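K.L.:
Under the numbering used here, the residues of the sequence shown are numbered 761 to 967, in order.
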Amino acid sequence: MKLRGLYAITDSQLLAGKWMPYIEAALDGGLTLLQYRDKSSDEARRLREAEALRDMCARYNAHLIINDDAELAARLGVGVHLGQTDGPLTPARALLGRQAIIGSTCHSQIELGEQAAKEGASYVAFGRFFNSSTKPGALTATLDVLDEARARIKLPICVIGGITLDNAAPLIDHGADLLAVVHGLFGAESPQEVTRRARAFNALMSL
Ligand SMILES: Cc1ncc(COP(=O)(O)OP(=O)(O)O)c(N)n1
Ligand SMILES: Cc1nc(C(=O)O)sc1CCOP(=O)(O)O
Ligand SMILES: [Mg+2]
761 MKLRGLYAIT
771 DSQLLAGKWM
781 PYIEAALDGG
791 LTLLQYRDKS
801 SDEARRLREA
811 EALRDMCARY
821 NAHLIINDDA
831 ELAARLGVGV
841 HLGQTDGPLT
851 PARALLGRQA
861 IIGSTCHSQI
871 ELGEQAAKEG
881 ASYVAFGRFF
891 NSSTKPGALT
901 ATLDVLDEAR
911 ARIKLPICVI
921 GGITLDNAAP
931 LIDHGADLLA
941 VVHGLFGAES
951 PQEVTRRARA
961 FNALMSL
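1) Report the three-state DSSP secondary structure of V919 (helix, strand or coil).
2) How big is the Cα-Cα spacing for D829 and H934?
3) Could you pull the start and end residues of the alpha helix (DSSP H) that F886 belongs to?
4) Exposed or buried, what is S950 when buried is set at 16 or more other beta-carbons lying within 10 Å of its beta-carbon?
5) Grab me the residues of G880's own chain with a C-beta within less than 6 angstroms of its C-beta, minus the 5 sequence neighbours each way, in chain order.
6) Is any non-hydrogen atom of ligand 2 found closer than 7 angstroms to the C-beta of A776, if you look at the structure I gave you?
7) So the candidates are G921, A901, E809, K878; which of them puts its Cα closest to the Cα of K914?
8) From the DSSP output, read off the bridge partner residues of Y767.
9) Does the beta-carbon of K895, which I'm using as the reference point, lie nearer than 7 angstroms to any heavy atom of ligand 1?
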């Protein structure tokens, strides 16, 4: 499976009251991956929402990734994204199986990417590249990191943090395979605008 394209990430605050129309609009515009990112501890709601997203993704041929929670991913038979404090990759790979998509946050550290590759990650994520209203305190990364990651790591490279239609091009030029976006996609006035943005991101990646 070739991991390349737009990687939408949900945000419970930004999508409050417009969850389904906005996510369906993004899927309609074309997503490679959709991440369910919900920091609450309401397990029942998380399960319900993630199940609904899995079914929507299946209809649009996109893959659902659960943020932080390998157990929930295993329960739903989908992928997981793990940060540096979200638990180790090797047991997650054993739990989810060979086919599952597993992503790893590497901030701006190539060594973390190389380690993640050894431990069975499917993609490595670097960022944040720009100011992010979703996660203002995230560690920063530069285009140099992307160049080095491209040269040294054979996995698909995901970029994240403040990415918009106006600033994504250099990231693609420097080898990014997956554009992970919250506000630059979902911070829109209407579902139609979400679809337009998704299509425009895909056009930037020549998809
Ligand atoms: C695609 C992608 N990249 C990075 C992150 C950040 O993960 P993490 O550092 O664990 O931070 P939280 O998102 O859990 O706050 C991500 N979620 N997705
Ligand atoms: C969840 C997350 N992780 C980041 C990192 O750099 O690891 S930046 C980020 C937020 C991404 O949202 P937006 O596209 O709105 O900036
Ligand atoms: Mg995390």
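We put the CB at the ideal spot given by N, CA and C, even for glycine. All of these numbers come straight from a predicted model, not from anything done at the bench.
P.N.:
Short version:
1) Strand, per DSSP.
2) Rounded to the nearest angstrom, the two C-alpha atoms are 30 angstroms apart.
3) First-last for F886: 883-887, but that is the beta strand (DSSP E), not the alpha helix (DSSP H).
4) The residue in question, S950, is exposed, as its Cβ has fewer than 16 Cβ neighbours within 10 Å.
5) L849, R853, listed in sequence order.
6) Relative to ligand 2, even the nearest heavy atom lies 7 angstroms or more away from the CB of A776.
7) With distances taken between Cα atoms, K914 lies closest to K878.
8) Per DSSP, the beta bridge partners of Y767 are L793, A940.
9) At least one heavy atom of ligand 1 lies closer than 7 angstroms to the C-beta of K895.
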